[in-house]
Amino acid sequence: MAKRIYDISWDEYQKLQLEERRPYLMQPDGAPYHTLFAQQFGLDLLERLAQSANEIRAIAKTREGSEFLKALLSHRRAMLYFSQPSSRTFLSFVSACQILGISTGEVRDTAISSEFKGESREDSVRTFSSYFDLIIMRTPEKGLAEHMAWVLSNSERPTPIINAGSGQDQHPTQALLDIYTLLRSFERSGGLRDRTVLFCGDLLRGRTVRSLSYLLTHYPNIRQVFVAPPQLQVGQDVQDVLKAKGADFALTGDFQGALPAADAVYMTRIQDEWDEKKGESARIDTSRFKFGAAELKLLAPRAILMHPLPRRDEIATVVDSDPRAMYWRQMRNGMWVRAALIAMTFGCDTAIHEHFRRNY
Ligand code: ASP
Ligand code: CP
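Right, dumping it as structure tokens:
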């Protein structure tokens, strides 16, 4: 029998490794109910998601198609609870909901919600679940979305939660759109296998790297190269996961030396909002970890350049017009992937698939 999150106490649940938590969060057909961390997604699910995203993208091109999609979930409402800044995750989730006909509500500033009056997070989220059918949440705290998923699953109105970024820990839907971008970029040249993916920047505190690095272990013969100053190099937790998975990876401080071998370069921003002491990051020499005209010359002709965005100066704007710069398309891919994930959460990806098969 399927394990459900209400079959286990919070204390017991927390003792489980992430992969052991997975069965508690999934639906009988293998789709996620709550989407909380990258470790919930195996290869089959990633393929299914990419296929749905492609189908939604194609169907949405026409008025008839768009009306079909909008009718699918027009009886559902989603709450976007973002207590940490966001542009594209927030907007792409709103757009994804609009594509599927879902109406949305939002809290983006807890100073104007009743949290300001001292209401607990648990009570706030339970309040949202009284009015909405899906909660999409971004918070500075690690593990909060997961705790809320447990709380709601044990309430009289269970409601799915999607983690839209949790502290320094995870950003699972970013990793899903990153994988989708890699799959699309390499689909005509042998697929996502036998590739080198280079991560550069603040790999210690960047949650997108933590989530994507894990998903890459599902694909055959992927080498991951982590390029950063020593103070910002990828954490031991990520390295332990990669070792346990038998993944091929290396750590280096030599960006220009590592660049020519890369098939995909994933740049990241210095996450100085997490500085323990003010100005701490500014004292780290990051000048050799930026992508400009010189790095473009070292990039292989068929390689791609990615960035979860927002960027500061780690990719020079002169690079934007190069066909290998993938970050704008990567960002738009987020809308299709998030629509596919929501469709799957509500069990309507099969209807999308059938519609696509009949009409395209
Ligand atoms: N937008 C991404 C995140 O929220 C990356 C970043 O902010 O640097 O994790
Ligand atoms: N990539 C990303 O999560 O962007 P935002 O922080 O703008 O949502």
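Per the numbering used here, the sequence shown starts with residue 55, numbered consecutively. C-beta: ideal position from N, C-alpha, C; glycine also.
Shown here for arginine 211: same chain residues with a beta carbon closer than 7 Å to its own, the five before and five after excluded, namely Ser183, Ser184 in chain order. In the DSSP annotation of this structure, the continuous segment of the alpha helix (DSSP H) that includes glycine 311 starts and ends at 309 to 312.
Going by DSSP, glutamate 160 is part of the beta strand (DSSP E) stretching over 157 to 161. Within the stretch 182 to 248, the runs of beta strand (DSSP E) that reach at least 3 residues and sit entirely inside it are, in chain order, 188 to 193, 215 to 220.
With respect to the C-alpha of threonine 181, the residue from Glu349, Leu198, Met202 having the closest C-alpha is Met202. At a threshold of 6 Å, glycine 346 does not count as near the ligand ASP, since its beta carbon sits no closer than that to any of the ligand's heavy atoms. Using a cutoff of 6 Å, the CB of serine 141 counts as near the ligand CP, since one of the ligand's heavy atoms is closer than that. Distances between the C-beta of proline 194 and the heavy atoms of the ligand ASP are all 6 Å or more.
CA-CA distance, glutamate 121 to serine 128, rounds to 11 Å. A residue is called buried once 16 or more other Cβ atoms fall within 10 Å of its Cβ, and alanine 348, having fewer, is exposed. A check of alpha carbon separations from asparagine 108 across Gly401, Arg392, Ala354, Phe400 identifies Arg392 as the nearest.
Leucine 252 and aspartate 61 have their C-alpha atoms spaced approximately 41 Å apart. Its Cα nearest to that of aspartate 302, the residue Tyr273 stands out among Pro314, Ala282, Tyr273, Pro283. Annotation: the continuous beta strand (DSSP E) that includes glutamine 278 extends over 276 to 281. For methionine 133, there is no enclosing alpha helix (DSSP H); the residue is part of the beta strand (DSSP E) that begins and ends at 131 to 136.
Excluding the 5 residues flanking it on each side, leucine 296 has same chain C-beta neighbours closer than 8 Å at Ser267, Thr271, Gln278, Phe303, in chain order. With fewer than 16 other CB atoms across the displayed protein chains lying within 10 angstroms of its CB, phenylalanine 170 is exposed. Here the stretch 386 to 405 lies against the stretch 146 to 163, with 3 or more beta-carbon pairs under 8 Å apart.
In the DSSP annotation of this structure, the continuous segment of the beta strand (DSSP E) that includes isoleucine 358 starts and ends at 358 to 360.
Taking C-beta separations shorter than 6 Å and ignoring five residues to either side along the sequence, the partners of serine 137 in its chain run Thr164, Thr193, following chain order.
In this structure, the C-beta of histidine 361 stays at least 6 Å away from each heavy atom of the ligand ASP. Distance between glycine 333 and glutamine 325, taken at the CA atoms: about 12 Å. Phenylalanine 91 sits close to glutamine 224, with the two beta carbons spaced by under 7 Å. In terms of Cα proximity to aspartate 291, the closest of Arg261, Phe309, Tyr320, Arg175 is Arg261.
With a cutoff of 6 Å, arginine 264 does not count as near the ligand ASP, since its C-beta is closer than that to no heavy atom of the ligand.
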